[in-house]
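Here the structure comes first, spelled out in structure tokens, and everything after it is commentary.
Number of protein chains: 2
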Amino acid sequence: MDQPLPRDPIAEAQRNWQRRGWEQQAAPMAAVTAIMRTQQLLMLRIEGVLRPFALTFARYELLTLLAFTRRGELPMSRASSLLQVHPTSVTNAVDRLQAAGLVDRAPHPMDRRTTLVRLTPDGRDLARRATDALNRDVFSDTGFEADDVEHLIRILARFRQQAGDFAAE
Amino acid sequence: MDQPLPRDPIAEAQRNWQRRGWEQQAAPMAAVTAIMRTQQLLMLRIEGVLRPFALTFARYELLTLLAFTRRGELPMSRASSLLQVHPTSVTNAVDRLQAAGLVDRAPHPMDRRTTLVRLTPDGRDLARRATDALNRDVFSDTGFEADDVEHLIRILARFRQQAGDFAAE
DNA sequence: TCCACATGGTTGGATGTCCAAGTATAGTCC
DNA sequence: GGACTATACTTGGACATCCAACCATGTGGA
């Protein structure tokens with residue numbers, strides 16, 4: 001799984017698609033498959049950097065989201081919306097972060113249905129250190145050129161917006 | 001998890017990064033996060049289309065890979081390389097596809113370590129029908145403009161190549 | 001006031017992915 | 001030929017994600 005292949009398997013698939021007569025769909029199929037693979041490569045790199053902190057990317061994202069709020073706390077449901085993952089994924093992440101002493105749960109003062117996730121001092125500290133590591137070891141040199149980064153941001157924002165992720169400005 | 005947010009949470013994160021003084025890393029961070037999210041959105045769409053066929057994307061990919069080989073068969077390890085997933089993921093997928101009667105396992109005639117995965121007639125038929133559905137319901141209108149598709153293919157191919165996915169041509 | 005419906009969170013189940021470790025078979029080198 | 005190393009696959013374990021179902025709490029209308 002680690003040796004480079006002699007040729008790009010996605011380009012190969014694209015040619016196969018064309019040969020079968022799916023000319024219109026060949027390029028979009030290749031683009032979609034490339035996104036899948038790129039996500040996987042990036043995730044592996046990120047998780048590698050986070051491993052020394054005993055964090056996964058999912059838990060890191062939650063921790064960092066909390067660190068950017070005013071009071072270091074957020075309703076579970078709000079975290080779910082902002083991270084755009086299923087509520088059960090948040091429950092799962094919070095369970096583990098709480099077991100590690102990085103966050104705790106508190107009742108919402110107004111709405112008894114709601115649970116607040118709250119950063120602990122340890123959690124805040126770890127969020128900072130993990131972010132420093134990611135900035136240093138991943139985001140300072142992703143492997144994308146500067147122009148590519150701008151293109152990706154634009155193209156993918158348009159896609160996400162059109163897919164209903166967020167309202168048109 | 002389904003209501004659109006009022007603003008783009010990734011653009012928000014990018015601004016937060018800049019405000020904290022990580023100007024250099026802000027845009028790459030946003031690009032990486034956008035790839036993660038886009039992958040998730042695409043995956044949800046694809047799995048939605050495949051659900052009626054009782055296929056997941058992982059199993060679909062294996063089935064289709066086999067359908068594009070000359071004899072409809074491949075060593076497990078070769079499938080692992082071409083799909084660029086861990087060997088255990090292939091074992092897992094083959095177990096389930098085999099239980100569904102879509103593939104079977106056969107010993108390799110030369111190398112007794114090797115197991116061949118082989119498409120059954122049912123498997124070949126389902127691969128064809130699932131591909132038609134994906135071409136019709138996903139790849140004919142991904143939500144990317146034609147120019148974007150070309151950009152993505154180029155940018156992501158460069159990234160994957162540089163990450164060691166495949167050799168320089 | 002009371003019931004229907006919406007919202008917030010959790011539990012249980014299915015899947016997929018990776019890693020570590022173990023077994024079996026091949027290949028290499030002295 | 002025999003030992004060492006490499007390759008192929010599987011098993012067991014840790015995580016994450018989603019979905020379906022369930023319980024508790026809020027809200028709004030008759």
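Line order of the protein sequences matches chains F and B. Residues in the first sequence are numbered consecutively from 1, following the UniProt record's numbering. Residues in the second sequence are numbered consecutively from 1, following the UniProt record's numbering. No residue lacks a Cβ here, since even glycine has one placed at the ideal position from N, Cα and C.
- P107/F sits in a strand when the DSSP states are folded into three classes.
- The shortest CA-to-CA distance from Q24/F to any of N135/B, V103/B and W22/B is the one to N135/B.
- In summary, G123/B is buried, with 16 or more beta-carbon neighbours lying within 10 Å of its beta-carbon over all protein chains present.
- About 10 Å separates the beta carbons of I155/B and I35/F, which is beyond the 8 Å limit, so they are not a contact pair.
- The Cβ of L63/B sits no closer than 9 Å to any Cβ of chain F.
- According to DSSP, F144/B shares a beta bridge with no other residue.
- In this structure, A13/B sits away from T38/B, with a CB-CB distance that is not shorter than 9 Å.
- DSSP places P87/B inside the alpha helix (DSSP H), whose first and last residues are P87 to A99.
- Under the Cβ criterion (8 Å, minimum of three pairs), the region 38 to 53 of chain F counts as touching the region 131 to 147 of chain F.
- Leaving aside the five residues that flank Q18/B on each side, the residues in its chain whose CB is nearer than 6 Å to its CB run, in chain order, A26.
- Between V90/B and L55/B, the C-beta spacing is not below 9 Å.
- At a cut-off of 9 Å between beta carbons, R37/F contacts chain B.
- Linking M29/B to L126/B through their CA atoms gives a straight-line distance of about 40 Å.
- Across the structure, V103/B and T69/B are spaced so that their CA atoms are roughly 14 Å apart.
- Contact annotation for N16/B against chain F: F68 [CB-CB distance below 7 Å, chain order].
- Chain order gives the chain B residues near L5/F as S81, L82, Q84, D165, F166 and A167, where near means a beta carbon separation below 9 Å.
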